[in-house]
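According to the working numbering, the sequence shown is numbered sequentially starting from 22. Have a look at the structure below before the remarks.
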Amino acid sequence: MKAELHKVVSVSYRLLVNENNEEIVVETAEATDPMVFIFGVSGLPPKFEESLSGKSTGDSFRVSLDPVDAFGEYQEEALSEVPKEVFVNEAGQFDTEAVYEGAYLQLEDENGYLHKGKVVTIGEENIVMDFNHPLAGVPVTFDGEIVNIREAQPDELAHGHVHGEGGVHH
Ligand SMILES: [Zn+2]
Numbered sequence: 022m023k024a025e026l027h028k029v030v031s032v033s034y035r036l037l038v039n040e041n042n043e044e045i046v047v048e049t050a051e052a053t054d055p056m057v058f059i060f061g062v063s064g065l066p067p068k069f070e071e072s073l074s075g076k077s078t079g080d081s082f083r084v085s086l087d088p089v090d091a092f093g094e095y096q097e098e099a100l101s102e103v104p105k106e107v108f109v110n111e112a113g114q115f116d117t118e119a120v121y122e123g124a125y126l127q128l129e130d131e132n133g134y135l136h137k138g139k140v141v142t143i144g145e146e147n148i149v150m151d152f153n154h155p156l157a158g159v160p161v162t163f164d165g166e167i168v169n170i171r172e173a174q175p176d177e178l179a180h181g182h183v184h185g186e187g188g189v190h191h
């Protein structure tokens, strides 16, 4: 069986970034706990899927992606100032344990959605948070292997996601 539209594909991979001409591993999916997705409807970068297209179980792949094809360009607009009073602990004090430069925090917006951001600087009144994806603006490489390929079940295609192992349980 080959990786193509509507097949359920499992892959192991290492996500690599280049730092000072050295490849650094920033994320790993082992063969025992692979990433599982429905080919063609996964929402994964099209260029990532293209690199797997037509390959079989056991085949390896390696694809380098520009930021625009991976985690997006870095956007200045994703920097925002948040009043310090948002970060008070139960005692009403500014929470210095959780909030420090470089810390990642989850913030809820007015619609109840959670956004993960990084603390850039802590000022007198405000904190500058960066809500870009940590890999925004960074070219990345996926280096991996196809672990398994199977047919998608009709209910998986109807839902647009994998059920069972590596997928949604419901
Ligand atoms: Zn479902």
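We put the CB at the ideal spot given by N, CA and C, even for glycine. Given the structure is predicted, the values throughout are model-derived calculations rather than measurements.
From which residue to which residue does the alpha helix (DSSP H) around residue i run?
| i | result |
| --- | --- |
| Leu73 | Pro67 to Leu73 |
| Glu177 | Pro175 to His180 |
Could you give the first and the last residue of the continuous beta strand (DSSP E) run that contains residue i?
| i | result |
| --- | --- |
| Leu135 | Leu135 to Ile143 |
| Ala164 | What sits at residue 164 in the sequence shown is Asp, not Ala. Counting along the chain, the beta strand (DSSP E) containing Asp164 begins and ends at Val161 to Glu172. |
| Val149 | Asn147 to Asp151 |
| Lys28 | Lys28 to Glu40 |
Give a single yes or no on whether residue i has its beta carbon closer than 6 Å to a heavy atom of ligand 1.
| i | result |
| --- | --- |
| His180 | yes |
| Val189 | yes |
Using only the alpha-carbon positions, how far apart do residue i and residue j sit?
| i | j | result |
| --- | --- | --- |
| Asn147 | His27 | 48 Å |
| Glu122 | Glu131 | 24 Å |
| Val2 | Ala112 | The structure shown has nothing for residue 2, since the chain only spans 22 to 191. |
| Tyr34 | Ser72 | 13 Å |
| Val46 | Val57 | 20 Å |
| Arg171 | Val109 | 50 Å |
| Met189 | Glu145 | The displayed chain sequence assigns Val, not Met, to residue 189. Spanning the two alpha carbons is a distance of roughly 44 Å. |
Looking at residue j and residue i, is the spacing between their C-beta atoms short of 7 Å?
| i | j | result |
| --- | --- | --- |
| Gly165 | Phe82 | yes |
| Val32 | Pro55 | yes |
| Ser77 | Lys23 | yes |
| Lys137 | Gln127 | yes |
| Phe92 | Ala50 | no |
| Pro160 | Asp87 | yes |
| Thr162 | Leu65 | no |
Inset, instruction - Give, in chain order, every unbroken run of the beta strand (DSSP E) that is at least 3 residues long and sits entirely within the stretch 49-131. - result: 56-59, 81-86, 100-104 and 125-129
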